[in-house]
Every structure is written in C-alpha cells, then in structure tokens.
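Chemist:
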Ligand code: AMP
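Numbering (our numbering), first residue to last: 2 to 651.
1) Residue 81 lies in the alpha helix (DSSP H); which residues open and close that run?
2) Can you find a heavy atom of the ligand AMP that lies under 6 Å from the Cβ of residue 649?
3) Find out if the Cβ-Cβ distance for the pair residue 329, residue 352 is shorter than 7 Å.
4) Give me whichever residues DSSP pairs with residue 521 in a beta bridge.
5) Does residue 306 pass the burial test, meaning 16 or more other C-beta atoms within 10 Å, or should it be called exposed?
6) I think residue 566 touches residue 540, with their Cβ atoms under 8 Å apart; what is that distance to the nearest whole Å?
7) Looking at the strands, I want to know which residues DSSP matches up with residue 419.
8) Do residue 317 and the ligand AMP come close, with the Cβ less than 6 Å from some heavy atom?
9) Assign residue 384 to buried or exposed, taking buried as 16 or more other Cβ atoms, counted over all protein chains shown, within 10 Å of its Cβ.
10) Give me the Cα-Cα distance between residue 652 and residue 83, rounded to the nearest whole angstrom.
11) Helix, strand or coil for residue 573, going by three-state DSSP, please let me know.
12) Say the cut is 6 Å; is the CB of residue 463 nearer than that to a heavy atom of the ligand AMP?
13) Determine, using beta carbons only, whether residue 221 and residue 169 come nearer to each other than 7 Å.
14) By DSSP's criteria, residue 508 is part of a beta bridge. Which residues make up the other side?
15) Considering only C-alpha positions, which residue in the set 293, 621, 281, 559 is nearest to residue 637?
16) So is residue 623 buried or exposed if we call it buried at 16+ other beta carbons inside 10 Å?
17) Beta strand (DSSP E) containing residue 174: first to last residue?
18) Give the C-beta separation of residue 466 and residue 392 to the nearest angstrom, bearing in mind that I take them to be a contact with Cβ-Cβ under 8 Å.
19) Quick check for students: name the residue ranges of the alpha helix (DSSP H) that lie wholly in the region 208-285, counting only runs of 4 or more.
20) Hey, would you say residue 680 sits closer than 7 Å to residue 153, going by beta carbons?
21) Tell me the DSSP secondary structure of residue 352 in three-state form.
22) Enumerate in chain order the residues of its own chain whose CB-to-CB distance from residue 214 is below 8 Å, with the five nearest sequence positions on each side excluded.
23) With residue 480 as the anchor, note down where its alpha helix (DSSP H) starts and where it stops.
24) Residue 468 by DSSP, collapsed to three states: which one?
25) Leaving out the 5 sequence neighbours to the left and right, which residues in its chain are closer than 6 Å to residue 471 when beta-carbon positions are compared?
26) Would you call the region 447-462 and the region 489-497 in contact, with 3 or more CB pairs under 8 Å?
27) Inspect the CB distances between the region 125-133 and the region 172-188 and report whether three or more fall short of 8 Å.
28) Do residue 564 and residue 639 have their CB atoms nearer than 7 Å?
29) Look at the alpha carbon of residue 576 and the alpha carbon of residue 498, and state the distance between them as a whole number of angstroms.
30) What residue from 67, 216, 230 has the CA that sits closest to residue 209's CA?
31) Whose C-beta lies closer than 8 Å to the C-beta of residue 200 among residues of the same chain, with five residues either side of it excluded?
Rendered as structure tokens:
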C-alpha cells in the first residue's frame, strides 16, 4: 500500500519537482552507507522521495532484504522498474536539457526541445564511425561543447574497436556516480539469495590497465581502470557484506604480475574467510587459476617464511603486506600439497573451502569457459551479476544465482535512454534515410530480438552499441534480456572481438607471403580454441599451388603467415596477446585440397541450399571440426609476439 501511495505521489509530481535541489539531497544524505550516499547525494530520483516517505521498509517483492540499506536499494529497484517508461521519459528530458547547448543537438535543430517526438524525428541513429570526427576533435583538445555541455573528463577505451584501435568513449564526471549507483544495487540483490556474506570476504581478482593521453591531453583508459582509480572505489564506505581480500594497493598496481601475485597471496592467506571467488569475466578468473598453477611454489615460500617475493617492488604493496603476511608453515604445506602435480580439478573449493559461488560473467562470449570453470570449481554456481559497457552501464541480473543459460539482465531505466531496433537477420541493412521506428524500453515484446541503441548523459545520442538482446520477460514494467551476441564478432578469447572483415584482412596480408610460391588461400575458416591455455585463434587454410614446378611454401613461411595475421588484427587482440598474455600464438592448420568441398557436401546433406552455400568463416560445431581436423596436413604457430604498445597507431 505504501508503494501505491508513493507511486501516486510520483505520478502527480510536476517535472520540476522530480529533481530535488542539490543542497536538499545532500543534506538528506548524512548516512555513510553507499546506497544512500550515491542515491541521494548525486541523484535526484523520484524514488528518493519515496524512500524518505516510508518509515521503515521491511520487505520487498524480490525477497526479504538483509539490512535496512538493502531494503532501500530493493525499494529503489521496485520503483524504478515499475515506472520504466516515466523514468525513461525523464532521463531523456534530462539528457536533452543538459546537453541542449552542445553542438551535436544544435546541429539537428533540437532548439532546446526535450520531448521524445522531437528527439526521435530529428536525431539520427548512429554508429561509432559516424561520431568519429566529433570524437577526434575532442581527443585533439577541442574543449567546446561538442557532444556534451558538461566538460569531458576522460575517454574510456572500449574493447570494441574501430579501424583496428579501441573505440574512445568520451565521458563526464557524473557518469561515475551513475555507475556507482548500479554497483550499489548488486549486493542487496545477492544478499537475497546467498545469506551470511557478511561473515567472510570476497576474493576478487581486479586489475587496472595502462592509460594513455590523447593529443589534447585527456586520459584514455578502460572504464574499470577509471572506476578503481576513482575516489568512489578507493574510499568506498565499509560494507560488511562486501569486503575484499585484495587490498586497494594490490588492485591499483599497474604491474599486472605484482598485482596478481599480491592478490593471490592475500587470497591464500585468508583462504578460510573467502566466501566467493570472482573476477569481472570468466577469462580473468581462469587466468588467476593459471597464475596459481605457475607460481604456487613461490607463494608457498612467502607464506612459510613470512617474507614477500622480491619481485614485488611496489612500495605501497610491500608496506601493506607487512600487515597481512605472517609466517605460516602449515598453510604453506597445505598449498604445496594441493597445487603440486597436474590435477587441478576442484582446486577452487579445495583451497577456498567456504566458497559459495563464483562471481564472474559467463554470458555472451564468456560462455565458452563454463566447462573449464566447472572443472576447477566442482561446478560451483556462477553468478552473472551485471551487464555494462564503456558507453553506459545497463543493468543487473535480479536472479544472480540462476543457471548461466537462464541469465536475464534487467536494464535499469535510470542509467540512460534506451531504444531498440527490431533485429531481423534476414532484413536488408538499415537505411539512413528511412530508419525503422525504434522501440522504447517499455514497449518491447517478449521473445523478440533487438539491437540496443543508447543515449547517454555524456552525449551519445541514439548510438548503436552492437549488442543483440532477446526479451525473456518483464520485471514490473522493465524488460529483461538474454544477451544473445555482439554483432559481427567472429572470434573472441578474452575481451577481444575480431570481426569478419578483420579476419579477411589478416588472411589477405598473410597470403601475400605465399605469392612468390604461386600459392593462394582458396578457402578458410576459423575457430576460437579455448581448450588450450591460454586460448588461441585457429585458422584453417586450404591452399592452391598454381604452379607445381615452383616449390611449395616452406614451413617457416607458413609460420610467418601466422605472425602477419596477428600483426593485422586489432589492438585489443594484440594487447591480450602481448601484455596480458591471455591469448596464445595464432595457429594455421593447412588442410588437404578438397576439404572445403567436403564441408559443403556435409552442409548440403544437412539441408543447406547449394545456391546459397558459403563456407562459414567461423566454426564450432563438433562434426565440422572433426572433419577439418581429420584433413590437416600441416600445423603452424606464430613464432613471435606481434607489436603492441599502449599508444594508438593513429
Ligand atoms: P566494453 O565496451 O569493452 O566495456 O565492452 C562492453 C561489451 O561487453 C558489451 O557491449 C557486451 O557486448 C559485452 N558484455 C558486457 N557485459 C556483458 C554480460 N554480462 N554478458 C555478455 N556480454 C557482456
């Protein structure tokens, strides 16, 4: 009943009252808990009125909250999702009002309009490439209001690439608050499903990455690096439900070895307190397990002697570890016993016996790691908690303990303005002149697939993210989505995304080396092999030797082709290959002449049309892989690392 009364209050509010004046909301937030702090301090959502109006919230339709703070967060989720369309309208109004003076909105003659109709009729749907001239100007130092009226605080470097380089997403300072708000909703939801998380700690492997400066002097770095380095993270209020084993000093060390080593060491020392083990993506957690496999002897030595590996030179880590690392011969012995030998099956619960679940994203491209995670964890539950991007954080999974195949994310309507292009793979490409009418968040249909289009406070307007989502249902009035796939991604091992054009370019460049042998690549396909560690790209080649009197390309030439392909791939691929080492050397498997014809025969026997058949550019169907592998004539690996530096090539 309280909720209904409050909804009525909300609906009756004139727009000007939806936003409490800043000083008011600040004074309302004397509490130190993070939800209140970010919710009331920085945001002026209508739900704030509601929360203050309700004396004490003791229950939520999502379940009984663990704490008063959780109750407020769950109440916020309730109200926001119940009023999805109204919140969306308000968010769009705010974005348009805030950026009314920006060149971009002026260019499309918005003339200060803040309504949906004007927005939809005047603003085009765009891709990153369309915005590149504006983004380049900002990167070059133009401080005039181009996309956003607020100053651009930094660039976030997406793992999506354009012309081989990471996309640069301009952001504004207040977006940090919005991201923090979404983070603050995750734990209250998790507490509904997993009790007693305040009785221990989370072993999370979190990392920062190198950052660069654009020619105009703005920092460019990944969104998580930006977040971990922010005061929002560094000085986050203590929350007994969210205590990490990793000290900030370890997370904030830019040397990935030192960071991982010290995080692992802390995790081992506090092993009995660990209640959950996580990383952002599944690939990150697997990397940590691999690290343990390689470094357990030194880690055990440090624990036995109470002295820190001299390779850890970061002064702040060394200082911090003095508090944490004490000689413990028994623990060192235990680690040696568990880690020696090849058998790491169930290593996670063996070392961290109180682990209730793994906190890692295993949806989308990460689904390929589920089996391996199950092997290392004896099939512990895997919680996928949120769905986000550099452009915008989207939403959360309201049932985080569900099976990975069942995961649906609820996009939170206060995070940005969301529109959707109905996705029909057989439809012709979008025409710029007459784009289809985009569907609003509240109007989506269950069972249908859509491409996500966002407008953000930082000034992206009707921007195509590239994700394809399927609506699985609604929570209140907010649709819930299964992540289907990223458009145009053929191969992915970590957060790298290689599309068909990039693969083709790599093949073309590599094939140049075969010219002098009068040899060409007549067919190819590819496969992301994650059975090896690290995973790597496998490219199947069928070659044609045009003039048999010239000797065929030597083994070393084909090895070199692997390297040329790697050099041609985008900078994210090369970064994971060179810096993070989470991608192994690219492999070319040369198959016998006629193999791709057999592949076609096989497809036709399964119902493919002869007229329309095209060799798949990526395969992962076992019978096809078996066929290809049974025809392999020679195998080649990249003999060296490709080039990569944090600096952009252009
Ligand atoms: P980035 O811009 O590098 O942060 O990458 C963002 C992209 O990662 C999204 O647009 C999705 O394609 C993917 N992604 C993020 N979160 C998830 C998730 N929970 N499940 C599947 N894919 C995700």
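Every residue gets a Cβ at the ideal spot worked out from N, C-alpha and C, and that includes glycine.
These numbers were taken from a predicted model, which means no experiment stands behind them.
Modeler: Result, derived from the coordinates:
1) Secondary structure note for residue 81: its alpha helix (DSSP H) is the uninterrupted segment 69-83.
2) No, the ligand AMP has no heavy atom inside 6 Å of this Cβ.
3) Between residue 329 and residue 352, the C-beta spacing is not below 7 Å.
4) Answer by DSSP bridge pairing, in chain order: 545.
5) With fewer than 16 Cβ atoms within 10 Å of its Cβ, residue 306 is classed as exposed.
6) About 7 Å; that satisfies the 8 Å criterion.
7) Per DSSP, 455.
8) Because no heavy atom of the ligand AMP lies under 6 Å away, the Cβ of residue 317 does not count as near it: no.
9) With a 10 Å radius around the Cβ and a threshold of 16 neighbouring Cβ atoms, residue 384 comes out buried.
10) This structure gives no information on residue 652, because the portion of the chain shown stretches from 2 to 651.
11) Looking at residue 573 - three-state DSSP - the assignment turns out to be helix.
12) Result no, Cβ not under 6 Å from the ligand AMP.
13) For residue 221 and residue 169, yes; Cβs fall inside 7 Å.
14) As computed with DSSP, residue 508 is found in no beta bridge at all.
15) For residue 637, the closest of 293, 621, 281, 559 by C-alpha to C-alpha distance is 559.
16) It is exposed - the Cβ of residue 623 has fewer than 16 other Cβ atoms within 10 Å.
17) Residue 174 -> no beta strand (DSSP E), and no H or E assigned at all.
18) That belief holds up - the Cβ atoms of residue 466 and residue 392 are roughly 6 Å apart, short of 8 Å.
19) The qualifying runs are 224-229, 232-235, 249-252, 257-270.
20) Residue coverage of the chain in this structure runs from 2 to 651, which leaves residue 680 outside it and unanswerable.
21) Under the three-state reduction of DSSP output, residue 352 falls in the helix class.
22) Hits under 8 Å: 220, 221.
23) Element bounds for residue 480: not the alpha helix (DSSP H) but the beta strand (DSSP E), 479-487.
24) DSSP places residue 468 in strand when its eight states are reduced to three.
25) Shown here for residue 471: same chain residues with a beta carbon closer than 6 Å to its own, the five before and five after excluded, namely 450, 483, 485 in chain order.
26) No: fewer than three Cβ pairs fall under 8 Å.
27) Because the criterion of three Cβ pairs below 8 Å is not met, the region 125-133 and the region 172-188 do not touch.
28) In contact: residue 564 and residue 639 (Cβ atoms closer than 7 Å).
29) Looking at the two C-alpha atoms, the distance is approximately 12 Å.
30) Looking at the Cα atoms, 230 is the closest of the given residues.
31) Correct list, in chain order: 276.
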